[in-house]
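Participant: My questions all concern the structure below.
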Amino acid sequence: MQKVRYLLISLGLLLSHFNLLSAQYSKADSSILAIMKEMPVMGLSVAVVKNNQIVFTNAYGYKNEQTKEPLATNHLFRIASISKSFTATAIMQLIEKRKLSLDDDISPLVG
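For the sequence shown, the residue numbers in the numbering used here are 167 to 277.
Next up, the structure:
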């Protein structure tokens, strides 16, 4: 009986947490759709990561606007020049964790 009670309490807490998250993601969904109406965006993909776990993914718009093929979360994007920003951010995070120093020789890292 104790195990059943524990299971029911855990399930209730889990469901209430899920409903709270669901409301937050619904609000995010609405905001993203509103932004897409204002901006000339054909499609975009969103992923929310919390504690190294993907907690939400969604795709909006079209992969191909002419054929109206919808975008999916598994479609790949060219990131072009934005990769420089990602690289700089990753390097600075490694420096903050003291796994890298600005004074380090990078030649062994880049081949």
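Every residue, glycine too, gets a C-beta built ideally from N, C-alpha and C. Just so you know, these numbers come straight off a predicted model, no measurement behind them.
Whether or not the stretch 222–242 and the stretch 197–212 are in contact is what I'm after, with contact meaning three or more pairs of Cβ atoms, one per stretch, closer than 8 Å; do they touch?
Facilitator: The answer is yes - the stretch 222–242 touches the stretch 197–212, with three or more Cβ pairs under 8 Å.
Participant: At a Cβ threshold of 7 Å, is Phe252 touching chain B?
Facilitator: Annotation note: the requested chain B is absent from the structure, which comprises a single protein chain.
Participant: With DSSP as the reference, identify every bridge partner of Pro236, one or two as the case may be.
Facilitator: Partner(s): Tyr228.
Participant: I believe Tyr228 touches Met208 by the beta-carbon criterion, under 8 Å. Please report the beta-carbon distance rounded to the nearest angstrom.
Facilitator: Sure, about 6 Å apart at Cβ, within 8 Å.
Participant: Any idea what DSSP makes of Phe252, helix, strand or coil?
Facilitator: Three-state result, Phe252: helix.
Participant: Pull up the distance between the alpha-carbon of Glu235 and that of Gln219, whole angstroms please.
Facilitator: Those two C-alpha atoms are separated by around 29 Å.
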